[in-house]
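Under this note's numbering, the sequence shown has 178 at position 159, and the numbering climbs by one with no breaks.
Take a look at the structure below.
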Amino acid sequence: MVSFYTVVKRCLDFLFSFLGLVLLSPFLLILYIFVKCSDVHSPVFFSHVRNGENGKKFKMFKFRTMRTDAEAVLMNDLALYEEFVANGYKLETDKDPRITPIGRILRKTSIDELPQLINVLLGHMSLVGPRPLPDREIHEYGEDKDLFLSVRPGITGWWQVSGRSNVGYPERCELELYYIEKASISFDIYILFKTALAVFNRVGAH
Numbered sequence: 020m021v022s023f024y025t026v027v028k029r030c031l032d033f034l035f036s037f038l039g040l041v042l043l044s045p046f047l048l049i050l051y052i053f054v055k056c057s058d059v060h061s062p063v064f065f066s067h068v069r070n071g072e073n074g075k076k077f078k079m080f081k082f083r084t085m086r087t088d089a090e091a092v093l094m095n096d097l098a099l100y101e102e103f104v105a106n107g108y109k110l111e112t113d114k115d116p117r118i119t120p121i122g123r124i125l126r127k128t129s130i131d132e133l134p135q136l137i138n139v140l141l142g143h144m145s146l147v148g149p150r151p152l153p154d155r156e157i158h159e160y161g162e163d164k165d166l167f168l169s170v171r172p173g174i175t176g177w178w179q180v181s182g183r184s185n186v187g188y189p190e191r192c193e194l195e196l197y198y199i200e201k202a203s204i205s206f207d208i209y210i211l212f213k214t215a216l217a218v219f220n221r222v223g224a225h
């Protein structure tokens, strides 16, 4: 049975993702040009298959911030891959050899995530929710995997505003599952507010 919260949240997601894409379209066009000019032979957008609500697969969109051979760079360097796995399937932006110069700027300000407004508009994602994961990371949730996959994933969430790059597994699982258990419109608004503050602070720092 669909809850009142779920219906209201979807309506708000649709409204704000549509308005966001319309209002930000000039800015998104400028970003498109910058990313394209940085490497005219590579695609501007990057898409990756993630697990959505009830495990339904979808392509999550981002501005491309990595070299087109990023996967090969990672897999061909055993030490780098081991660091990647040990650090919660990520590397520090400043030390990641896969990231392009303009990609570092986009990542530090989280601007590379803006194309995910398209995913929200299409219903693949929500503005707020657990971060969608690829298959290789789902096992981190163990017996709680079904609970994690029971909700629509989000662009931002409780894990992101609680430290993100400084919080790996299993603490990340605890934060994401806490959100699922406590989810409400007021909690979502609080997370969006904290996300905006975090982004503005990063922009000011750079």
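Ideal placement from N, C-alpha and C gives every residue a C-beta, glycine not left out.
Keep in mind the model is a prediction, meaning the values are calculated, not measured.
Checklist entry - Does the distance from the C-beta atom of Ile118 to that of Leu146 stay below 9 Å? => result Position 99 of the sequence shown holds residue 118. Position 127 of the sequence shown holds residue 146. Taking 9 Å as the Cβ cut-off, Ile118 and Leu146 do not qualify as a contacting pair.
Item to check | Buried or exposed by the 16-neighbour rule on C-beta atoms within 10 Å, applied to Tyr198 | outcome: Here residue 198 refers to the residue found at position 179 of the sequence shown. That one is buried.
Checklist entry - Do you know offhand how far Asn73's Cα is from Lys81's? => result The count along the sequence shown starts at 1 and reaches residue 73 at position 54. The count along the sequence shown starts at 1 and reaches residue 81 at position 62. Inter-residue distance for Asn73 and Lys81 is about 22 Å (C-alpha atoms, whole angstroms).
Checklist entry - Would you say the stretch 155 to 172 touches the stretch 58 to 72, given that touching needs at least three Cβ pairs under 8 Å? => result yes
Item to check | Run of the alpha helix (DSSP H) containing Leu133, from where it starts to where it stops | outcome: The sequence position of residue 133 within the sequence shown is 114, counting from 1. Looking at the DSSP string, Leu133 is not in any alpha helix (DSSP H), and its letter there is neither H nor E.
Checklist entry - Since Leu152 sits in a beta bridge, which residues does DSSP pair it with? => result On the sequence shown, residue 152 is found 133 positions in, with the first residue counted as 1. DSSP output for Leu152 lists Asn70 as bridge partner(s).
Checklist entry - Hey, Gly107 and Tyr160: beta-carbon distance below 9 Å or not? => result The residue labelled residue 107 in the question sits at position 88 within the sequence shown. The residue labelled residue 160 in the question sits at position 141 within the sequence shown. Not closer than 9 Å, so no.
Checklist entry - Between Glu101 and Leu93, what straight-line distance do the alpha-carbon atoms span, to the nearest angstrom? => result Here residue 101 refers to the residue found at position 82 of the sequence shown. Here residue 93 refers to the residue found at position 74 of the sequence shown. Distance between the alpha carbons of Glu101 and Leu93 is about 9 Å.
Checklist entry - What three-state label does DSSP hand Val59 in the structure shown? => result Looking up residue 59 in the sequence shown gives position 40. Looking at Val59 - three-state DSSP - the assignment turns out to be coil, as it is neither helix nor strand.
Checklist entry - Touch check for the stretch 34 to 49 and the stretch 126 to 136: three-plus C-beta pairs under 8 Å? => result Enough Cβ pairs lie closer than 8 Å, so yes.
Next on the checklist: Assuming Pro229 and Glu190 are in contact, meaning their beta carbons sit under 8 Å apart, how far apart are those beta carbons, in whole angstroms?
Outcome noted: This structure does not reach residue 229, given that the chain is present from 20 up to 225, and the question cannot be answered.
Item to check | For Thr175: DSSP bridge partner residues | outcome: Taking the sequence shown and counting its residues from 1, the one referred to as residue 175 is at position 156. Answer is Val147.
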